[in-house]
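Chemist: Chains A and B, in that order, are what the protein sequence lines are.
First residue of the first sequence: -17, per the numbering used here; consecutive thereafter.
First residue of the second sequence: 199, per the numbering used here; consecutive thereafter.
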Amino acid sequence: MARLRRPKFLRNGKATAGALILLFFFILAVIGSWIAPYSPDATGPDAVVGPSGAHWFGTDQLGRDIYSQLLVGTRGVIVVGFAAGVIATVLSLVIGIASGYLPGRGGEALSVISNVFLVLPALPLLIIITSATPKDGGWIVILTIGLTSWAWNARLLRAQTLSLRRRDYVEAARATGESTWRIIAFEILPNLTAIIASGFVGTVVFTILSEITLAFVGINVSEWNWGTVLYWAQSQDALAQNAWWWFVPAGMAIALLGTGLALLNFGIDEFVNPRLRSGGRARVRTRAGRRLRMRVGFTPVLATVEEGEAR
Amino acid sequence: MAPEQTTAVLEAEGLTKHFPVRGAGRDVLRRGAAVHAVDDVALSLHRGRVTALVGESGSGKSTVARLLAQLQTRTGGAVRLHGKDVTVHGGRRFRAYCRSVQLIFQDPFASLNPVHTVRYHLTRALRVHGHAGRTARELEEALTDLLGRVRLTPAEQYLAKFPHELSGGQRQRVAIARALAARPEVLLADEPVSMLDVSIRLGVLNLLRDLKEQLSLAVLYITHDIASARYFADETLVMYAGRLVEGGESETVTQSPAHPYTRLLIDSAPDPERIGSAQRAELDEDDLGEPPSLVTPPAGCRFHPRCPHAMERCTTELPPRFEVSGKQWAACWLYDNGSPAPAGES
Ligand SMILES: Nc1ncnc2c1ncn2[C@@H]1O[C@H](COP(=O)(O)OP(=O)(O)OP(=O)(O)O)[C@@H](O)[C@H]1O
Ligand code: SF4
Ligand SMILES: [Mg+2]
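Here it is in structure tokens:
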């Protein structure tokens, strides 16, 4: 499957654009602190000066280089976002699929647990926890978001698993004699790719925005990230000083990363859902108004395209 | 050939399945309400013979197939493989059971996983049952052999294809090949052609018949098309609202039906001679009126609300099997002049 899909996947324009944007930020996350011209904490004589050859994105109230702050801050944003995304995705996978596939009590119990987590307010919780723990905010953010934000995806996965396990091909795999874990891993899981991937991307977006929000409201500003830059800009009245260079680049970086993730999400959706992918070319509309899809084998057969059928 | 002459591979006796009713609904107010999907079904499948199970939609045909395949647990009765009562839920013993008894699903557009190739489906079935051989070459030979059996040649052309790249008929052939990979003795075919285009139904039925001959399979052919039962099956059983109402040699049952329900079925089928007209010959529920509720099935004979010959006792007493001729029985009080045929025989 992967063998056949990867090249096709990259033929999707949205997915490619999203992947390129992400790649750009990944590279920055790795090399950002090396290519930064200054230390983000190094103060200088020129306070609140606009962009120049020496300071591309200008300086802040202590004369620190904002370009360097953004470059160094990229790593924190990316690492925290993706680490929390991985934790939440793994949790939602295990709990969602198990609660959808296991019959009876076990499944119900897991479903109740995810409903409880669903109403846990992640951001307020995060504010409470991070302000109570003074050091090393990054890990706290990763764990808090990772452990609290899996429930929505788990619910989606449970619903989809419940519907997939009723499909004939799952029953046919059982009738062939396949074991339960094999059915879950090889018959059901591949058909959940879209939900898993978009859930992952959604959690990453949520985590990044939460982390930036935290820094922006002044919690966890000891480590540099884009929110820290915005926090200083806000607290020093950058807008009133007309110091646009202080917050516009950070805002643009957030918007660009968000766009990249959203494009990737659309691309995944279109790619995994063949009905969006084919763009209607293979379909014909009969005079009666029914939608049909042409299939050519050694006997031409007209088959009705059914709602919600992934093929 | 009478069924008594060969021993049955797979037998069912008193086969019963009640689905508990859950959720909202008026019937649910009573505790223990259940859908009586299958009640007291007895049948036996013999090698090299096709037994047809005919009935309208919702009469419980698929449920019988699932119970025989042990994909669902039965509420009551016995399923005997080679004379031994077997109940398996899964695991190793289920694997051993399904090596002998394989099921083909109605909808070939749903029974193959859209993310897997033909090669994957067939390889898995071979592997699970230990017929994949030890080397890559042996596996390749086994795959080619399987596709050859269902007449998808040359095999290389089909192995790399995904289900959506195949026609309905080709998909159903792949599904049949997957069932054959277990080298079963019994094939349960749940409406194997009803989702296919009329023009290719005959091809698939003929393929099943040839496979039955070559591999001496016992076939249960489930259909709602009584014309194709005559064409394809040695023996025909008619099912109504979860119960068998008539059975016997296909020719006799379809040409001189005894049970009032079977007669209605055949009258609603315009031309049983022509299999090509199978689509029109399918049961038309409008002609037959509403099927009864399976949650509170009618007392006595379940057909009595719709039966033109219904008598007093039909509303209270359940008719047992009566022998109509040596080749035919019917569960109907109209035939209560002979002695009741012993249950469990078909
Ligand atoms: N898992 C289930 N839970 C509850 N009720 C069920 C279940 N499976 C089947 N039934 C009910 O049992 C009855 C018989 O269903 P079954 O699928 O066996 O009919 P069928 O003869 O195969 O019909 P069709 O020709 O439409 O396939 C139906 O009323 C159906 O609603
Ligand atoms: S038993 Fe009575 S109601 Fe049932 S089919 Fe025979 S005559 Fe009709
Ligand atoms: Mg059915």
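Glycine included, each C-beta is placed from N, C-alpha and C at the ideal position.
Nothing here was measured: the structure is a model prediction, and the numbers come from that model.
#1: Entirely within the stretch 209 to 296 of chain B and at least 3 residues each: give me those beta strand (DSSP E) ranges in chain order.
#2: Report the residue from A:140, A:31, A:225 and A:38 whose alpha carbon sits nearest the alpha carbon of residue 75 (chain A).
#3: Would you say residue 157 (chain A) faces chain B, with C-beta separation under 8 Å as the test?
#4: What does the alpha-carbon distance come out to for the pair residue 85 (chain A) and residue 175 (chain A)?
#5: Classify residue 41 (chain A) as helix, strand or coil using the three-state DSSP reduction.
#6: Assign residue 527 (chain B) to buried or exposed, taking buried as 16 or more other Cβ atoms, counted over all protein chains shown, within 10 Å of its Cβ.
#7: Starting from residue 435 (chain B), follow its DSSP beta bridges and name the residues at the other end.
#8: Given this structure, state the Cα-to-Cα distance separating residue 404 (chain B) from residue 133 (chain A), to the nearest angstrom.
#9: Kindly examine ligand 1 and report whether one of its heavy atoms sits closer than 7 Å to the Cβ of residue 391 (chain B).
#10: How far does the alpha helix (DSSP H) with residue 420 (chain B) in it extend, from its first residue to its last?
#11: Please identify the residue among A:252, A:48 and A:187 whose C-alpha is closest to the C-alpha of residue 35 (chain A).
#12: If you check the beta carbons only, do residue 532 (chain B) and residue 502 (chain B) fall under 8 Å apart?
#13: So residue 228 (chain A) and residue 220 (chain A) are supposed to be a Cβ contact under 8 Å. How far apart are they, rounded?
#14: Suppose you measure from the CA of residue 10 (chain A) to the CA of residue 65 (chain A); what does that come to, to the nearest Å?
#15: Specify, as a first and last residue, the run of the alpha helix (DSSP H) that residue 79 (chain A) falls within.
#16: What residues in its chain sit with their C-beta under 7 Å from that of residue 17 (chain A), if we drop five residues either side in the sequence?
#17: Using 10 angstroms around the beta-carbon of residue 2 (chain A), count the other beta-carbons present and answer buried if the total reaches 16, otherwise exposed.
#18: Within a Cβ cutoff of 8 Å, which residues of the same chain sit near residue 58 (chain A), ignoring the five residues on either side of it in sequence?
#19: Can you list the residues of chain A that residue 267 (chain B) reaches, using a CB-CB cut of under 7 Å?
#20: By a C-beta neighbour count over all protein chains shown, 10 Å radius and 16 as the cutoff for buried, is residue 251 (chain B) buried or exposed?
#21: Could you work out which residues of chain B lie near residue 173 (chain A), taking near to mean beta carbons separated by less than 8 Å?
#22: Does any C-beta atom of chain A lie closer than 8 Å to the C-beta of residue 357 (chain B)?
#23: Taking the alpha carbon of residue 219 (chain B) as the reference point, which residue from B:520, B:375, B:231 and B:205 has its own alpha carbon closest?
#24: First and last residue of the beta strand (DSSP E) that includes residue 388 (chain B)?
#25: Taking 6 Å as the limit, tell me which residues put their C-beta closer than that to any heavy atom of ligand 1, in chain order.
#26: Note down the Cα distance separating residue 500 (chain B) from residue 490 (chain B), rounded to an integer number of angstroms.
#27: Quick check: residue 353 (chain B) and residue 345 (chain B), are their CB atoms within less than 8 Å of each other?
#28: Go ahead and label residue 0 (chain A) buried or exposed: buried means 16 or more other beta carbons lie within 10 angstroms of its beta carbon, across all protein chains shown.
#29: Run through the DSSP bridge pairs and tell me what residue 528 (chain B) is partnered with.
#30: Taking the DSSP output, what are the residues bridged to residue 302 (chain B)?
#31: For the candidate residues B:267, B:257, B:349 and B:388, whose alpha-carbon lies nearest to that of residue 306 (chain B)?
#32: How would you list, in chain order, the residues of chain B whose beta-carbon sits under 8 Å from the beta-carbon of residue 160 (chain A)?
#33: Please confirm whether residue 134 (chain A) has its beta-carbon closer than 8 Å to some beta-carbon of chain B.
#34: With a Cβ-Cβ cutoff of 8 Å, do residue 320 (chain B) and residue 379 (chain B) count as a contact?
#35: Measuring straight from C-alpha to C-alpha, what distance separates residue 496 (chain B) and residue 458 (chain B)?
Modeler: If we stick to the structure as given:
#1: 232 to 243, 248 to 252 and 274 to 279
#2: Counted from its first residue, the first sequence places residue 75 (chain A) at position 93. Checking every option, the nearest Cα to that of residue 75 (chain A) belongs to A:140.
#3: In the first sequence, counting from the first residue as 1, residue 157 (chain A) sits at position 175. Yes, residue 157 (chain A) counts as interfacial toward chain B.
#4: To locate residue 85 (chain A), count along the first sequence from 1; it is residue 103. To locate residue 175 (chain A), count along the first sequence from 1; it is residue 193. Distance between the alpha carbons of residue 85 (chain A) and residue 175 (chain A): 23 Å.
#5: The sequence position of residue 41 (chain A) within the first sequence is 59, counting from 1. Strand at residue 41 (chain A).
#6: Sequence index remark: in the second sequence, residue 527 (chain B) carries index 329 (1-based). So residue 527 (chain B) ends up on the buried side.
#7: By one-based count along the second sequence, residue 435 (chain B) stands at place 237. DSSP lists B:251 and B:445 as partners of residue 435 (chain B).
#8: The count along the second sequence starts at 1 and reaches residue 404 (chain B) at position 206. The count along the first sequence starts at 1 and reaches residue 133 (chain A) at position 151. So the two alpha carbons sit approximately 52 Å from each other.
#9: Walking along the second sequence from the start, residue 391 (chain B) turns up at place 193. Result no, Cβ not under 7 Å from ligand 1.
#10: Indexing the second sequence from 1 puts residue 420 (chain B) at position 222. From DSSP, residue 420 (chain B) is part of no alpha helix (DSSP H) but of the beta strand (DSSP E) over 416 to 421.
#11: On the first sequence, residue 35 (chain A) is found 53 positions in, with the first residue counted as 1. Measuring from the Cα of residue 35 (chain A), the nearest candidate turns out to be A:48.
#12: Translated into the one-based positions of the second sequence, residue 532 (chain B) becomes position 334. Translated into the one-based positions of the second sequence, residue 502 (chain B) becomes position 304. Not a contact, by the Cβ cut-off of 8 Å.
#13: Here the question's residue 228 (chain A) lines up with position 246 in the first sequence. Here the question's residue 220 (chain A) lines up with position 238 in the first sequence. Rounded, the Cβ-Cβ distance is 4 Å, consistent with contact.
#14: By one-based count along the first sequence, residue 10 (chain A) stands at place 28. By one-based count along the first sequence, residue 65 (chain A) stands at place 83. So the two alpha carbons sit approximately 17 Å from each other.
#15: For this step, residue 79 (chain A) is matched to residue 97 along the first sequence. From DSSP, the alpha helix (DSSP H) with residue 79 (chain A) extends over 48 to 83.
#16: Walking along the first sequence from the start, residue 17 (chain A) turns up at place 35. Here the set comprises 53.
#17: Your numbering for residue 2 (chain A) matches position 20 in the first sequence. So residue 2 (chain A) counts as exposed.
#18: As a first step, residue 58 (chain A) must be located in the first sequence, where it is residue number 76. Excluding positions up to five away in sequence, the list reads 120, 193, 205, 206 and 207.
#19: One-based indexing of the second sequence puts residue 267 (chain B) at position 69. Within chain A, the residues near residue 267 (chain B) are 157.
#20: Within the second sequence, the letter at position 53 stands for residue 251 (chain B). It is buried - the Cβ of residue 251 (chain B) has at least 16 other Cβ atoms within 10 Å.
#21: In the first sequence, residue 173 (chain A) corresponds to position 191, counting from 1. Chain B residues near residue 173 (chain A): 311, 312 and 313.
#22: For the purposes of this step, residue 357 (chain B) is taken as the residue at position 159 of the second sequence. Taking Cβ atoms only, chain A never reaches closer than 8 Å to residue 357 (chain B), which makes this a no.
#23: Looking up residue 219 (chain B) in the second sequence gives position 21. Ranking B:520, B:375, B:231 and B:205 by Cα distance to residue 219 (chain B) puts B:231 first.
#24: Along the second sequence, one-based indexing puts residue 388 (chain B) at 190. First-last of the beta strand (DSSP E) with residue 388 (chain B): 384 to 388.
#25: B:217, B:233, B:235, B:253, B:255, B:256, B:257, B:258, B:259, B:260, B:261, B:422 and B:492
#26: Locating residue 500 (chain B) in the second sequence gives position 302, counting from the first residue. Locating residue 490 (chain B) in the second sequence gives position 292, counting from the first residue. Rounded to the nearest angstrom, the two C-alpha atoms are 8 Å apart.
#27: On the second sequence, residue 353 (chain B) is found 155 positions in, with the first residue counted as 1. On the second sequence, residue 345 (chain B) is found 147 positions in, with the first residue counted as 1. Yes, these two residues count as a Cβ contact at 8 Å.
#28: Translated into the one-based positions of the first sequence, residue 0 (chain A) becomes position 18. When all chains shown are included, residue 0 (chain A) counts as buried.
#29: Here residue 528 (chain B) refers to the residue found at position 330 of the second sequence. Per DSSP, B:444 and B:520.
#30: Taking the second sequence and counting its residues from 1, the one referred to as residue 302 (chain B) is at position 104. According to DSSP, which records beta bridges pairwise, residue 302 (chain B) is partnered with B:387.
#31: As a working mapping, residue 306 (chain B) is identified with position 108 in the second sequence. Taking only the C-alpha atoms, the option nearest residue 306 (chain B) is B:388.
#32: What you label residue 160 (chain A) is simply residue 178 of the first sequence in a count that begins at 1. Residues of chain B passing the Cβ test: 322 and 326.
#33: By 1-based counting over the first sequence, the position of residue 134 (chain A) is 152. Not an interface residue.
#34: Looking up residue 320 (chain B) in the second sequence gives position 122. Looking up residue 379 (chain B) in the second sequence gives position 181. Contact: yes.
#35: Here residue 496 (chain B) refers to the residue found at position 298 of the second sequence. Here residue 458 (chain B) refers to the residue found at position 260 of the second sequence. When rounded, the distance between both Cα atoms is 16 Å.
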